[in-house]
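Numbering (the numbering used here), first residue to last: 14 to 493.
Glycine included, every Cβ here is placed at the ideal spot set by N, Cα and C.
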Amino acid sequence: MPLKIYNSLTRSKEEFTPLHPGQVTMYVCGPTVYGHAHLGHAKSYVSFDVVLKWLRHLGYRVTYIQNITDVGHLTDDADEGEDKIARQARREQTDPMEIAQLYTRSYYEDMDRLGVDRPNIAPTATGHIPDQIALIRTLIEKGHAYEVNGNVYFSVESFPGYGKLSGRTTDDARQPGGRVEARSEKRHPADFALWKKAEPGHLMKWESPWSEGYPGWHAECSAMAMKYLGETIDIHGGGMENKFPHHECEIAQSEAATGHPYVRYWMHNNMVTVDGTKMGKSLGNFINLKDIFNEFDPIVIRFFILQSHYRSPLDFSHQAVKASQTGLEKLRESWLRLTASAPGEEDIDTDAYENRLVEAMNDDFNTPVALAVLFDLSKAINTALDSGGLKEEARNDCIRLFSTFGIEVLGILDNRPNTVNEASTSIAQALEGAMSLLLDIRQKARQSKDYETSDLIRDRLDEAGITIKDTREGAEWKLG
RNA sequence: GGCGAAGUGGCCGAGUGGCUAGGCAGAGGUCUGCAAAACCUUCUACAGCGGUUCGAAUCCGCUCUUCGCCUCCA
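Here's what the structure looks like:
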């Protein structure tokens, strides 16, 4: 089965074929950097990280762009509100640019820990003001935008396709919510700002043909996506909450400017909820990644996220993550045993597992099913190893499958089953020697049925963070 | 009000017109000096009411409930 992707635009799964054979252009809406990343960011970027990794695994050369929004836009069309980054700068008594840099670093730090690959290009909005101005100029020239008092608006009525992504095709549905400004200078209530004139005291502002001001909320993504990826890009991803108005406006301004389709496959990931309600900055219930990483290994969080589908909402609870942690531990254990195992006579039909894994990933990146298959495979491996070991070929195939899917594609396992064993530092070697001695002493104690001593050794080591396991082949130890 | 998503067993969470999801937790067992790990067996399902069908948790309709978007948000 070929790769199928659920396209939000057509609301159906479609076979994926890139515009240019062998190459994929992909753009995912990045964060607005005015605070530390939270679980919602994690779900989004882990999901798209797997998309990226799977596409690369399939052999595509993927150009992946993720912007950094370092202009904290207000509401897109009202005059009220304050620039988020400027506000944070005021709170922290520093410059907006420092805020943007600080939280950009923080963001990458968290994403690195989650095993998320960095994008090929991470353009900033402030670094692309000329490109946004050029886009706006084109729109004015083509009659899709108009200027009023130094502000520039996109004319929704000039673009018939407006609403095709979100299903808001009637005037009624496009009406902004309760806060329609009575004396709006816009021609149509749904028109959105491309450029805003800076009010007095506004820190982040640039020269433009219309006023000293700043770009509207939607301009940056269109300008940067098209600058680096061309007028038509293969995949554009983002959170569901951005479908309307953000992505709808992106489509309108991009297609109006170029006359070409903007995005071939729109992908939207679902939200993280906490106790059944949305995690929102304004609700104050969002969970910081740095906080949660104190409690759980970041890879556990990654695994937790991948245990549900990217288009499903994910409900966070301590209990659920805990369950994931135990589950992941099981896979790790199996992976460890496998790599350390000696050849035997047992066989496993690895092709069947591989097919299921490929099918799952090709079916709109169904990571929960892929993980379920890995659990099945893990059980088969454990059973085989319990009965004396795997045949050389089967063992190699299993290692390959775990490497490909567990490490390379899903990123939930690593290549360092036992970091101490592989480390070459003198400390590691010393520990290795000391452990060998302790295990020998313990073994002697057990042989003479001195269980008090043997259990003491085990308990004290456990307190020291070293776990002892008695297996058929003798005692084993590991950190943690 | 408009647009959209969803209701699965104790919890999380896939899937589907007839055939085991998976993980966690629970019960029993094998192994073990005891643990741990592993393996085996096992218990709780598809919101409700109608309809289509040989057969529906899966399709259709209605009802109830939840969630998201319509204001910045991954």
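| Check | Outcome |
| --- | --- |
| With 16 other CB atoms within 10 Å as the buried threshold, where does LYS26 fall? | exposed |
| By how many angstroms is the C-alpha of ASN298 removed from the C-alpha of PHE309? | 18 Å |
| May I have the straight-line CA-CA distance separating GLU406 from ALA488, to the nearest angstrom? | 27 Å |
| Do LEU125 and LYS66 have their C-beta atoms within less than 8 Å of each other? | With the sequence shown as reference, residue 125 is identified as Asp, and Leu is not the correct amino acid for it. Not a contact, by the Cβ cut-off of 8 Å. |
| Using the three-state DSSP reduction, which class does GLU254 fall into: helix, strand or coil? | helix |
| Taking the runs of the beta strand (DSSP E) that are 3 residues or longer, which of them lie wholly in the segment 314–395? | 327–329 |
| Rounded to the nearest angstrom, what separates GLY401 and ASN409 at their Cα positions? | 16 Å |
| Under three-state DSSP, which class holds PRO109? | helix |
| For PHE167, list the residues DSSP reports as bridge partners. | ALA158 and PHE205 |
| Does GLN280 come out as helix, strand or coil in the three-state DSSP assignment? | The amino acid at residue 280 is misidentified as Gln; the sequence shows Met. Three-state DSSP puts MET280 in a strand. |
| Output needed for ASP92: all residues of its chain with C-beta closer than 6 Å, excluding positions within five of it in sequence on either side, in chain order. | Confidence at ASP92 is low in this model, with a pLDDT of 40, below 50, so its placement is unreliable and the value that follows should be read with caution. Nothing meets the Cβ criterion. |
| Can you tell me where the beta strand (DSSP E) holding MET39 begins and where it ends? | 36–41 |
| When the Cα of ALA385 is compared with those of THR45, GLN101 and GLY419, which residue comes out closest? | GLY419 |
| Please say whether PHE388 and LEU344 have beta carbons closer to each other than 8 Å? | yes |
| For SER391, which residues of its own chain have a beta-carbon under 6 Å away from its beta-carbon, when the five flanking residues on both sides are left out? | LEU344 and SER347 |
| Of all the options PHE316, ALA353 and ARG350, which has the alpha carbon lying nearest to the alpha carbon of LYS335? | PHE316 |
| Alpha carbon to alpha carbon, what distance is there between LEU450 and ALA523? | Residue 523 is absent from the structure shown; the chain starts at 14 and stops at 493. |
| Three-state secondary structure (DSSP) at VAL287? | strand |
| Is the distance from the Cβ of LEU68 to the Cβ of LEU152 below 8 Å? | no |
| Would you call THR107 buried or exposed, if buried means 16 or more other Cβ atoms sit within 10 Å of its Cβ? | exposed |
| What would DSSP say about THR30, mapped onto helix, strand or coil? | coil |
| I need the boundaries of the alpha helix (DSSP H) containing TYR464, first residue and last residue. | 464–476 |
| Assuming LEU148 and ALA270 are in contact, meaning their beta carbons sit under 8 Å apart, how far apart are those beta carbons, in whole angstroms? | 6 Å |
| Please report the distance separating the alpha-carbon of THR96 from that of MET284. | Note on residue identity: the sequence assigns Asp, not Thr, to residue 96. Using only the alpha carbons, I get a separation of about 24 Å. |
| First and last residue of the beta strand (DSSP E) that includes TYR77? | 74–79 |
| Ignore the nearest five residues each way along the sequence and tell me which others in PRO258's own chain have a CB closer than 6 Å to its CB. | none |
| Assuming contact is defined by CB atoms lying nearer than 8 Å, are ASN20 and TYR366 in contact in what I supplied? | no |
| Going by DSSP, name the residue or residues bridged to LEU403. | GLU359 |
| ILE318 and LEU327: beta carbons closer than 8 Å? | yes |
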